[in-house]
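So in full-length UniProt numbering, spot 419 of the sequence shown is number 419, and the numbers just go up one at a time. Even glycine gets a Cβ: it sits at the ideal position worked out from N, Cα and C.
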Amino acid sequence: MSSRAPEFTSEPTLFIATLSPQGTCYEANPPWEELFGRLAAPWQRLSSEDQERFRDLLDQAARGRRILHEVLMLQLPGRDEPVPALFNLIPVRLPAHGDAPVALVVTVELLVEPSSLTYSQNQRHRLETLGRMALGIAHDFNNLLMTFLGHLELLRRALASASAREEIKHHLQALERAALDGAALMRKLQEYVRQEKPTPLESIDLPTLLEECLMLTRPYWYNEPRRQGIDIRLETHLEPVPPIRGIASELRQVFTNLILNAVQAMPQGGTLRVETDFGEQQGVMVRVSDTGIGMPESVRRRIFEPLFTTKPEGSGMGLAIVAGIVREHEGRIEVKSAPGEGTTFTLYFPPAETTQRTPAAAQEEAAVRPVRVLLVDDEAGVRNVLSRLLALHGHTVVQAASATEALRQLQHTSFDIVFTDQGMPEISGLELARRIREQHPELPIVLITGDTEVQAERGLVNAILQKPFRLETLAQLIRQLCAQRTS
1 MSSRAPEFTS EPTLFIATLS PQGTCYEANP PWEELFGRLA APWQRLSSED
51 QERFRDLLDQ AARGRRILHE VLMLQLPGRD EPVPALFNLI PVRLPAHGDA
101 PVALVVTVEL LVEPSSLTYS QNQRHRLETL GRMALGIAHD FNNLLMTFLG
151 HLELLRRALA SASAREEIKH HLQALERAAL DGAALMRKLQ EYVRQEKPTP
201 LESIDLPTLL EECLMLTRPY WYNEPRRQGI DIRLETHLEP VPPIRGIASE
251 LRQVFTNLIL NAVQAMPQGG TLRVETDFGE QQGVMVRVSD TGIGMPESVR
301 RRIFEPLFTT KPEGSGMGLA IVAGIVREHE GRIEVKSAPG EGTTFTLYFP
351 PAETTQRTPA AAQEEAAVRP VRVLLVDDEA GVRNVLSRLL ALHGHTVVQA
401 ASATEALRQL QHTSFDIVFT DQGMPEISGL ELARRIREQH PELPIVLITG
451 DTEVQAERGL VNAILQKPFR LETLAQLIRQ LCAQRTS
């Protein structure tokens, strides 16, 4: 821990960290580490009274409450008197994890004057820093998703012959979509910081996608309200419309968010309407409306602003992300609302240019021949589930828990393909690829990562596979690599 006190400036320093709901520090920015120590919680810098207060705030945030502008006294190194600091605790929720926060973003700002309650207005800097903290969550969360998704795949295949279990398979498909969309949310948070180019677009039928969203959210608008004696009626008018070009997981995120917002706006019950339509001038239209409490004009004007929320437990990012996704799809979103009159979100998208599918594209891919795979990952859960998925296609898998172990395996065993995780201790996946290339220049190498920022120099790896992924994606990649090697 540094003994030098952070200096006061005209622009207050922002200390930021990501904590678990129990207070364990996942990741912190350099100012936080300088003040509190690396990956340390701030209790040791607070007075005994404020330590208890912070624990209470942490407990409230862990239950979903958004804590803003709490002033606590910090004891800084080299200063006799404690310094007032502004604390914010923002719960982070993910759709696949329900209502319980998975992490807390904590910001601390030293106040220039003890009587001052002002804080930095540099919102862009705040959002960039918040996004960088999300990158730290993304890696571990994607590992969990990979294990979760793989076991779902295995379970669904085990049930495939049980015709009486259609309902179970139906719910498994919903869980699978939730896992994939959770991964897409992580990628979105990463792209939010880096302004990266989004995933390649595909042709999407919006009525079908909306039916999926309604099925996925059924527990929220049907099961749970009925248990509480609340009647929420669903009305759908899903007219056939031309397909649009987009990213299905992102659009599911948009419509799921709007549906959940509509449900939350009807605490006493009401009607949820979901409609589609098409016009030559307006394009493809989707409308999600409710008969709930509505909102005043002052709120309506700001609902797409990042971090703006009227909900004590809200993060203020849901509708900001919705608006961003709609813009990326070259669409627009409008909202109409008034107190007591409900809320209507109307979205417009340009139709896709229709193309005929070639007979070759319509044919099912040929089965891939069995290969011998070296699988390198320090996470046992990921290794085990990937091994079982690969075995479903008849592949032989040898596991390695580290790059060092993988290099030993390569000394006395031949392999057709190497799959290696990027984020491993001591030797990263990219460094392992460099060492393999020196001895086995023709051996196909696939880098597995949950970080969209990872890039490899030309020729170092044959492909980069983003976590989590489906078995079909894995099989297709192996098929392509085998075809390239034999051509």
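Look up residue i in the DSSP assignment and say whether it is helix, strand or coil.
| i | result |
| --- | --- |
| PHE349 | strand |
| PRO242 | coil |
| ASN88 | strand |
| GLN409 | helix |
| ARG63 | coil |
| MET295 | coil |
| VAL102 | coil |
| MET73 | strand |
| ASP421 | strand |
| SER48 | helix |
| residue 513 | The first residue shown for the chain is 1 and the last is 487, placing residue 513 beyond what the model contains. |
| PHE415 | coil |
| GLN399 | strand |
| ALA475 | helix |
| GLU81 | coil |
| ARG301 | coil |
| VAL326 | helix |
| GLU202 | strand |
| SER337 | strand |
| ARG372 | strand |
| LEU392 | coil |
| LEU14 | strand |
| LEU68 | strand |
| GLY381 | helix |
| GLN228 | coil |
| GLU426 | coil |
| LEU460 | coil |
Does the beta-carbon of residue i have 16 or more other beta-carbons within 10 angstroms, so that it is buried, or is it exposed?
| i | result |
| --- | --- |
| ASN223 | exposed |
| HIS412 | exposed |
| GLU353 | exposed |
| GLU250 | buried |
| SER337 | buried |
| GLN282 | exposed |
| residue 500 | Nothing can be reported for residue 500: it is not among the residues displayed for the chain, which extend from 1 to 487. |
| GLU27 | buried |
| ASP290 | buried |
| ASP377 | buried |
| PRO350 | exposed |
| SER116 | Note that SER116 scores a pLDDT of 35, beneath 50, so its modelled location is shaky; the value from the coordinates is reported in the next line. Its Cβ having fewer than 16 others within 10 Å, SER116 is exposed. |
| PRO30 | exposed |
| HIS395 | buried |
| GLN123 | Below a pLDDT of 50, predicted positions are generally treated as unreliable, and GLN123, at 45, falls in that range; the measurement from the model is reported next regardless. The residue in question, GLN123, is exposed, as its Cβ has fewer than 16 Cβ neighbours within 10 Å. |
| PRO77 | exposed |
| ASP421 | buried |
Using a threshold of 8 angstroms, state whether the C-beta atoms of residue i and residue j are closer than that.
| i | j | result |
| --- | --- | --- |
| GLU49 | LEU86 | no |
| ALA433 | VAL397 | no |
| MET424 | TYR348 | no |
| ILE259 | LEU214 | yes |
| ALA400 | LEU375 | yes |
| THR276 | VAL326 | no |
| LEU104 | MET73 | no |
| THR346 | ALA265 | no |
| LEU481 | ILE436 | no |
| ALA403 | ILE427 | yes |
| PHE15 | THR107 | yes |
| PRO225 | GLY294 | no |
| GLY269 | ILE232 | yes |
| ARG273 | GLU235 | yes |
| LEU389 | LEU471 | yes |
| PRO267 | ASP205 | no |
| ARG372 | PHE415 | yes |
| ILE333 | ALA323 | yes |
According to DSSP, what are the bridge partners of residue i?
| i | result |
| --- | --- |
| THR233 | One detail in the question is off: residue 233 reads as Arg in this sequence, not Thr. Paired residues: THR271. |
| THR208 | THR208 pairs with nothing; no bridge assigned. |
| SER20 | DSSP lists no partner for SER20. |
| LEU57 | Note: LEU57 sits in no beta bridge, so no partner. |
| ARG332 | TYR348 |
| LEU465 | ILE448 |
| ASP277 | MET285 |
| LEU110 | ALA85 |
| ASP290 | LEU272 and THR343 |
| CYS25 | LEU19 |
From the beta carbon of residue i, is the nearest beta carbon of chain C less than 8 angstroms away?
| i | result |
| --- | --- |
| ARG53 | Looking at the structure shown, chain C is missing, and only one protein chain is on hand. |
Using a Cβ-based criterion (distance less than 7 angstroms to any ligand heavy atom), does residue i qualify as near the ligand ZN?
| i | result |
| --- | --- |
| LYS467 | Absent from the structure shown: the ligand ZN. Ligands present: none. |
* Touch test, the region 296-303 against the region 237-257, Cβ-Cβ under 8 angstroms, three pairs minimum -> no
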